[in-house]
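K.L.:
Starting off with a structure, shown below.
In structure tokens, the structure reads:
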């Protein structure tokens, strides 16, 4: 993977590009992560695809745009990447935020999207329904730590002690009891490379402003695979809500992974790779 820079309108995007081993595939990470988050599934994708793994604006090595971190802002950057750099139809693989961005891109430029793999995208669960999840308290804790902690090691140690609200119970658990030390160290490394303002619209409930979930999904006409994590194991989507999302996209197939949490490509990379490559092989 070779890192490159692309001027996407108001911001320079950093991305990593692999060898031209097949049709283009664009990897879109979750909020507060960066392109290296997908490394566990690279071995399955690099031999068969032309990978482009992006750092979203405000993340990793990409440029900063304070006040410009709504989901629709990320969508515009990836549309520009497809139109001006890749320039042929690509498959989008999006985790969490990345899945939402993929939907917005497919609605905006359908001729440039061959297919989408949605990996546990939250949609309104990180919009108007975020208070039903643990993420509101989690993102607030991230923001507080970024304002007070300046080293990766110190941030990882502090993350372990963050109390996370358990939805519907009034109880809290330590983040360190939910994630192992290596995961916390990686998260701290990613957090150390974001613009803290990335978290502001999430915390303030403005993240989905201008992003009409139902209307956009109804305009997704490409084939897709919707991989849902288990909400009882840390997934973001209740079953009924996940099914209501998939029903809006007639060519998208749904699979739910029992006992698997939100970061499927990290905790179950072999399963994520199997599902993704099977989907890629099904495309014309």
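Numbering (my numbering), first residue to last: 29 to 312. For each residue, glycine too, the CB sits at the ideal point set by N, CA and C.
(1) Quick one: using the 10 Å Cβ neighbour count with 16 as the cut-off for buried, is residue 30 buried or exposed?
(2) Taking Cβ to Cβ, would you say residue 225 is nearer than 8 angstroms to residue 94?
(3) Taking 8 angstroms as the cut-off, decide whether the C-beta atoms of residue 117 and residue 78 are in contact.
(4) Does DSSP put residue 97 in a helix, in a strand, or in coil?
(5) Using 8 angstroms as the threshold, is the C-beta distance between residue 129 and residue 99 below it?
(6) What is the rounded straight-line gap between the Cα of residue 240 and the Cα of residue 179?
(7) Classify residue 49 as helix, strand or coil using the three-state DSSP reduction.
(8) Can you say whether residue 147 is buried or exposed, counting buried as having 16 or more other CB atoms within 10 angstroms of its CB?
(9) Hey, out of 204, 264, 252, whose CA is closest to residue 275's CA?
(10) Distance check for residue 150 and residue 233, CA to CA, integer angstroms please.
(11) Please list, in chain order, all residues of the same chain as residue 49 whose beta carbon is under 7 angstroms from its beta carbon, the five residues on each side excluded.
(12) Let me make sure I understand the geometry here. Which of 143, 200, 236, 113 has the alpha-carbon closest to that of residue 102?
(13) Between residue 202 and residue 188, is the Cβ-Cβ spacing less than 8 angstroms?
(14) Mind pulling the beta strand (DSSP E) runs of 3 or more residues that sit fully within the segment 208-251?
(15) What's the gap between the Cα of residue 264 and the Cα of residue 153?
(16) On the premise that residue 287 lies in contact with residue 258, defined as a C-beta separation below 8 angstroms, what is that separation, rounded to the nearest angstrom?
(17) Can you grab the Cα-Cα spacing for the pair residue 86 / residue 310, in whole Å?
(18) Can you tell me the Cα-Cα spacing of residue 119 and residue 249, whole angstroms?
(19) Can you tell me where the beta strand (DSSP E) with residue 32 in it begins and where it stops?
(20) State the DSSP-derived secondary structure class of residue 180, mapped to helix, strand or coil.
(21) What do you get for residue 115, buried or exposed, if any count of 16 or more other CB atoms within 10 angstroms of its CB means buried?
(22) If distances are taken between C-alpha atoms only, which option among 181, 197, 38, 167 comes closest to residue 214?
(23) Could you pull out every residue in the same chain whose Cβ sits closer than 8 angstroms to the Cβ of residue 299, ignoring the five residues on either side in sequence?
(24) Does residue 202 come out as helix, strand or coil in the three-state DSSP assignment?
(25) Spell out the partners DSSP gives residue 147 in its beta bridges.
P.N.:
Reading off the structure:
(1) Around the beta-carbon of residue 30, fewer than 16 other beta-carbon atoms lie within 10 Å, marking it exposed.
(2) yes
(3) Taking the C-beta atoms as reference points, residue 78 is found no nearer than 8 angstroms to residue 117.
(4) Residue 97: coil per DSSP, three-state reduction.
(5) A contact, by the Cβ cut-off of 8 angstroms.
(6) 38 angstroms
(7) coil
(8) buried
(9) 252
(10) 14 angstroms
(11) 74, 75, 76, 77, 78
(12) For residue 102, the closest C-alpha among the options 143, 200, 236, 113 is that of 236.
(13) yes
(14) none
(15) 7 angstroms
(16) 6 angstroms
(17) 34 angstroms
(18) 13 angstroms
(19) 30-36
(20) helix
(21) exposed
(22) 181
(23) 285, 288, 292
(24) strand
(25) 123, 255
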